Amino acid sequence: MKTLGLIGGTTYHSTIDYYKYINQMIGEKLGGANSARCMLYSLNFADIVKNNEANDWEANKQLVVNAAMLLKNSGIDAFVFCANTMHLFVEDVEQSTGLPVLHIAVETGKEIRKQNLKRVALLGTKFTMEKDFFKTKLSVQNIETIIPNDDDRNYIHKTIFEEFGKGIFTEEAKTNYISIISKLVSQGAEGIILGCGEIPILLRQTDVSVPTFDTTLIHARAAVEFAVL
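For the record, in the sequence shown the residue sitting at position 124 is 132 according to this note's numbering, with numbers rising by one throughout.
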């Protein structure tokens, strides 16, 4: 079994899900008392938030690269970033360490294609929704990505950082997210990417009328497949 290097903490709520899913799936796949061989470096989310507010991407990149170097030195085989937005730094980590990063958007695209969908909506932090690192990986798989309007993007981003990141999940937020998704479906979205690890804690497939794609679960499953090959 290969050893996975998890970089988490952004937030710890979704990192817990990564650790749980990966170990559960390893156990189901290999049976017996098997669990994952993995190393976890958990970032301090407050550092990430501070750098985001200062628009200091270089500082965040350095935090992630430093974590990756520590994990590399522990003998891992590949990285799993336990957050969508962290994938902004995939190339930096791969160049610095010489090790592969299992890309969340690539794996999500594979799942979307299995359902023969061509147009999907992406929810996540403003960075995930507005920057190209996720959408580009879908585009090369012939998947079109749409995102919410400005006001809705601001609302989603605010709830992720001010509520979900603190473990606060309310019925009001759930209702508002369902409303946002309904608008996206009316614009032709055939599926919804839950592109932030905390959103699947808020929403379930039964809450919406089109397929949803839980990037945490998809990513964890891909990590397990890599580990046991």
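Ideal Cβ positions, reconstructed from N, Cα and C, are used throughout, including at glycine.
Since we're looking at a predicted model, the values are computed, not measured.
Inter-residue Cα distance where the pair is residue i and residue j
{"i": "Asp196", "j": "Glu152", "result": "The residue you asked about is not Asp; residue 196 is Gly in the sequence shown. Rounded to the nearest angstrom, the two C-alpha atoms are 10 Å apart."}
{"i": "Glu206", "j": "Tyr20", "result": "10 Å"}
{"i": "Asp85", "j": "Pro156", "result": "37 Å"}
{"i": "Gly173", "j": "Thr18", "result": "8 Å"}
{"i": "Thr178", "j": "Gly106", "result": "42 Å"}
{"i": "Glu138", "j": "Ala41", "result": "43 Å"}
{"i": "Leu130", "j": "Glu99", "result": "22 Å"}
{"i": "Ile226", "j": "Ile201", "result": "11 Å"}
{"i": "Ser82", "j": "Leu12", "result": "10 Å"}
{"i": "Asn74", "j": "Ala67", "result": "11 Å"}
{"i": "Phe221", "j": "Asp25", "result": "15 Å"}
{"i": "Ala54", "j": "Ala113", "result": "25 Å"}
{"i": "Met94", "j": "Asp140", "result": "13 Å"}
{"i": "His165", "j": "Ile120", "result": "24 Å"}
{"i": "Asn31", "j": "Val101", "result": "24 Å"}
{"i": "Asn52", "j": "Lys58", "result": "10 Å"}
Cβ-Cβ distance between residue i and residue j below 8 Å
{"i": "Gly203", "j": "Gly117", "result": "no"}
{"i": "Thr23", "j": "Cys90", "result": "yes"}
{"i": "Ala235", "j": "Lys10", "result": "yes"}
{"i": "Val181", "j": "Leu210", "result": "Before going on, a small fix: residue 181 reads as Ala here, not Val. Cβ distance < 8 Å, so Ala181 and Leu210 count as in contact."}
{"i": "Ser104", "j": "Met77", "result": "yes"}
{"i": "Ile34", "j": "Ser43", "result": "yes"}
{"i": "Met47", "j": "Leu14", "result": "yes"}
{"i": "Lys80", "j": "Glu198", "result": "no"}
{"i": "Leu110", "j": "Ala231", "result": "yes"}
{"i": "Ile188", "j": "Asp160", "result": "yes"}
{"i": "Phe142", "j": "Asn63", "result": "no"}
{"i": "Pro208", "j": "Thr183", "result": "no"}
Beta-ladder partner(s) of residue i, from DSSP
{"i": "Ala129", "result": "Ile154, Ile200"}
{"i": "Met47", "result": "Gly13"}
Environment of residue i [buried if 16+ CB atoms lie within 10 Å]
{"i": "Leu237", "result": "exposed"}
{"i": "Asn310", "result": "The requested residue 310 is not part of the displayed model; the chain covers only 9 to 237."}
{"i": "Val148", "result": "exposed"}
{"i": "Glu36", "result": "exposed"}
{"i": "Thr214", "result": "exposed"}
{"i": "Thr144", "result": "exposed"}
The ligand PLP heavy atom lying under 7 Å from the CB of residue i
{"i": "Gly17", "result": "No copy of the ligand PLP appears in this structure; indeed no ligand is present at all."}
What residue ranges within the stretch 171-229 form continuous alpha helix (DSSP H) runs of no fewer than 4 residues, ordered along the chain?
179-194, 207-210
Counting only runs that start and end within the stretch 70-119, where is the beta strand (DSSP E) found for 3 or more residues in a row?
86-89
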